[in-house]
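Under the working numbering, the first residue of the sequence shown carries the number 4, and numbering increases by one thereafter. All C-beta atoms in this analysis are idealised placements derived from N, C-alpha and C, irrespective of residue type, glycine included.
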Amino acid sequence: MNRSLIDTDILSYFLKGHKQVTENVKLYLKEQSKITISEITYFEVLSGLTFKKATKQIQEFENFISTCEVLKLSTSSLRISANIYSELREKGITIGTADLLISGIALANNLTLVTNNQKHYQPIEQLSTTNWNE
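Structure below.
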């Protein structure tokens with residue numbers, strides 16, 4: 004499997020023990036040393052748990068994240084995201100800011116994006132996606 008960036012929805016499925024996603028994560032980890040997520044995904048999951056006041060789950064999540072590679076926004080990823088935003092806006096297409104930033108991180112690091120929301124990312128032609136929930 005190619006080195007990949009795990010989107011928020013797939014990470015959530017994995018953390019909830021979703022069978023198909025868990026099997027694909029295990030296959031991935033046979034070839035790659037760790038799961039890679041973006042700091043955007045980190046924020047999205049942590050903010051949801053914090054809102055729910057899920058103290059135990061927050062601790063479990065933080066322990067899990069310590070085993071992951073968390074990619075940060077960079078000047079390169081932000082430029083890529085801004086260019087995607089501009090290209091799509093010229094075509095009358097809008098996608099969420101978080102999706103734009105995650106796409107920029109994936110492209111800047113030459114990663115395949117693993118997502119269950121492939122329709123969200125479909126307008127970004129240069130982005131390679133796959134779905135571990137299938």
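Thinking just about the alpha-carbon of each residue, which of 7, 47 and 21 is nearest to the one in residue 39?
Counting from 1 along the sequence shown, the entry for residue 39 is found at position 36. Of the candidates 7, 47 and 21, the one whose C-alpha sits nearest the C-alpha of residue 39 is 7.
DSSP three-state call for residue 98: helix, strand or coil? Within the sequence shown, the letter at position 95 stands for residue 98. Coil at residue 98, not helix or strand.
* Asked: Going by the CB atoms, is the gap between residue 5 and residue 114 shorter than 9 Å?
  -> Residue numbering aside, residue 114 sits at position 111 when the sequence shown is read from its first letter. Residue numbering aside, residue 5 sits at position 2 when the sequence shown is read from its first letter. Yes, they are a contact pair.
Quiz item: Using DSSP with H/G/I as helix, E/B as strand and the rest coil, what is residue 114?
Solution: Position 111 of the sequence shown, counted from the first residue, corresponds to residue 114. If DSSP states are grouped into helix, strand and coil, residue 114 belongs with coil.
Using a 10 Å radius around the Cβ and a threshold of 16 neighbouring Cβ atoms, would you call residue 17 buried or exposed?
Counted from its first residue, the sequence shown places residue 17 at position 14. Result: buried.
Exercise for the section: Would you kindly work out how many angstroms separate the C-alpha atoms of residue 146 and residue 127, rounded to a whole number? Expected result: The question about residue 146 has no answer, for the chain in this structure spans 4 to 137.
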